[in-house]
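Visitor:
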Amino acid sequence: MNGEFDMALNRPVPKHKKIVGTTLFTDNIVTLLPSSHPLAKQTAIKLSQLREESFVLFPKEYILREIIVQACEQLGFKPKVSFEGVDIDSIKGLVSAGLGITLIPEITLVDGFPRSTVKVPIIEPEVSRTVGVIIPRERKMLPTVKLFNDFLKDFYSILDRYQM
1367 MNGEFDMALN
1377 RPVPKHKKIV
1387 GTTLFTDNIV
1397 TLLPSSHPLA
1407 KQTAIKLSQL
1417 REESFVLFPK
1427 EYILREIIVQ
1437 ACEQLGFKPK
1447 VSFEGVDIDS
1457 IKGLVSAGLG
1467 ITLIPEITLV
1477 DGFPRSTVKV
1487 PIIEPEVSRT
1497 VGVIIPRERK
1507 MLPTVKLFND
1517 FLKDFYSILD
1527 RYQM
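Numbering (our numbering), first residue to last: 1367 to 1530.
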């Protein structure tokens, strides 16, 4: 890390001696299933119930895939990846077409989800990702960067108080 940035939004917030990181929010990871899937009528599922499923995931270099693979490996299995997508909409589309299931951040479903799919929360183990902001530790912040950094921290602090 050479410090050639003023500020960055990052997930997860890395730990590094040259940066200061602040977690802004934690986002639950949920299951997106084709509506015809046997688990689609469940109110919640355990991750272990997905052991034999075909997964639609991001490519290997994506952090979200790493989070999902690690969660599965903690339960003693590796997800069987049938398809990959480089953006969230293509992954949702592949699930909608019945080509597999996926685990995605709940925030990506705020505006709804594709026809022929259902969202089912994961209850065991809870899977989540953190999103935060990072700034260089040894460099003075520009006034506009400081203003935006303060805004982000204040906004998410207030929002957090109203979360259920």
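By construction, the Cβ of each residue, glycine as well, lies at the ideal position given by its N, Cα and C atoms. Keep in mind the model is a prediction, meaning the values are calculated, not measured.
Can you name, in chain order, every residue of its own chain whose Cβ lies under 6 Å from the Cβ of Pro1487, other than the five neighbours on each side?
Guide: To locate residue 1487, count along the sequence shown from 1; it is residue 121. Same-chain partners within the cutoff: Val1396 and Ala1410.
Visitor: So is Leu1525 in contact with chain C if we call contact Cβ pairs under 9 Å?
Guide: No chain C appears in this structure, which consists of one protein chain only.
Visitor: Helix or strand or just coil, what does DSSP make of Met1530?
Guide: Walking along the sequence shown from the start, residue 1530 turns up at place 164. Confidence in Met1530 is poor, its pLDDT being 46 and thus under 50, which makes the residue's placement unreliable; the coordinate value appears in the next sentence. Three-state DSSP puts Met1530 in coil, outside helix and strand.
Visitor: Let's see if you can read the secondary structure: which residues bound the alpha helix (DSSP H) around Val1422?
Guide: Looking up residue 1422 in the sequence shown gives position 56. Element bounds for Val1422: not the alpha helix (DSSP H) but the beta strand (DSSP E), Ser1420 to Leu1423.
Visitor: Tell me which residues share the same chain as Met1530 and place their Cβ nearer than 6 Å to its Cβ, disregarding the 5 neighbours each side in the sequence.
Guide: Here residue 1530 is taken as the residue at index 164 of the sequence shown, counted from 1. Its pLDDT being 46, under 50, Met1530 is placed unreliably by the model, and the measurement read from it follows with that caveat. Contacts found: none.
Visitor: Which value, in whole angstroms, describes the spacing of the CA atoms of Glu1427 and Val1452?
Guide: By 1-based counting over the sequence shown, the position of residue 1427 is 61. By 1-based counting over the sequence shown, the position of residue 1452 is 86. The alpha-carbon atoms of Glu1427 and Val1452 are separated by roughly 10 Å.
Visitor: If you reduce the DSSP assignment to three classes, tell me which class Lys1512 lands in.
Guide: Taking the sequence shown and counting its residues from 1, one reaches residue 1512 at position 146. Helix.
Visitor: One question on the structure: do Leu1483 and Ser1401 come within less than 9 Å of each other, judged by their Cβ atoms?
Guide: Position 117 of the sequence shown, counted from the start, is the residue given in the question as residue 1483. Position 35 of the sequence shown, counted from the start, is the residue given in the question as residue 1401. Here residue 1483 is Thr; the residue named in the question, Leu, does not match the sequence. Result yes, Cβ atoms of Thr1483 and Ser1401 sit closer than 9 Å.
Visitor: Counting only runs of 3+ residues fully inside the segment 1411-1480, write out the beta strand (DSSP E) ranges in chain order.
Guide: Listed in chain order, the complete beta strand (DSSP E) runs (minimum 3 residues) inside the segment 1411-1480 are 1420-1423, 1446-1450 and 1468-1471.
Visitor: Taking all protein chains shown into account, decide if Val1476 is buried (16 or more other Cβ within 10 angstroms of its Cβ) or exposed.
Guide: Walking along the sequence shown from the start, residue 1476 turns up at place 110. Exposed, by the Cβ-count rule.
Visitor: Reducing DSSP to helix, strand and coil, say where Ser1523 ends up.
Guide: The count along the sequence shown starts at 1 and reaches residue 1523 at position 157. Correct three-state label for Ser1523: helix.
Visitor: Would you kindly report the start and end of the unbroken beta strand (DSSP E) that includes Pro1391?
Guide: If you number the sequence shown from 1, residue 1391 lands on position 25. Here residue 1391 turns out to be Phe, not Pro, going by the sequence shown. From DSSP, the beta strand (DSSP E) with Phe1391 extends over Ile1385 to Pro1400.
Visitor: Counting only the same chain and skipping the five closest in sequence on each side, list residues whose C-beta sits under 8 Å from that of Pro1445.
Guide: In the sequence shown, residue 1445 corresponds to position 79, counting from 1. Hits under 8 Å: Leu1416, Glu1419, Phe1421, Leu1423, Ile1434, Val1435 and Cys1438.
Visitor: By Cβ distance, which residues of its chain are closer than 6 Å to Thr1392, with the 5 residues on each side in sequence left out?
Guide: Counting from 1 along the sequence shown, the entry for residue 1392 is found at position 26. Around Thr1392: Ser1494 and Thr1496.
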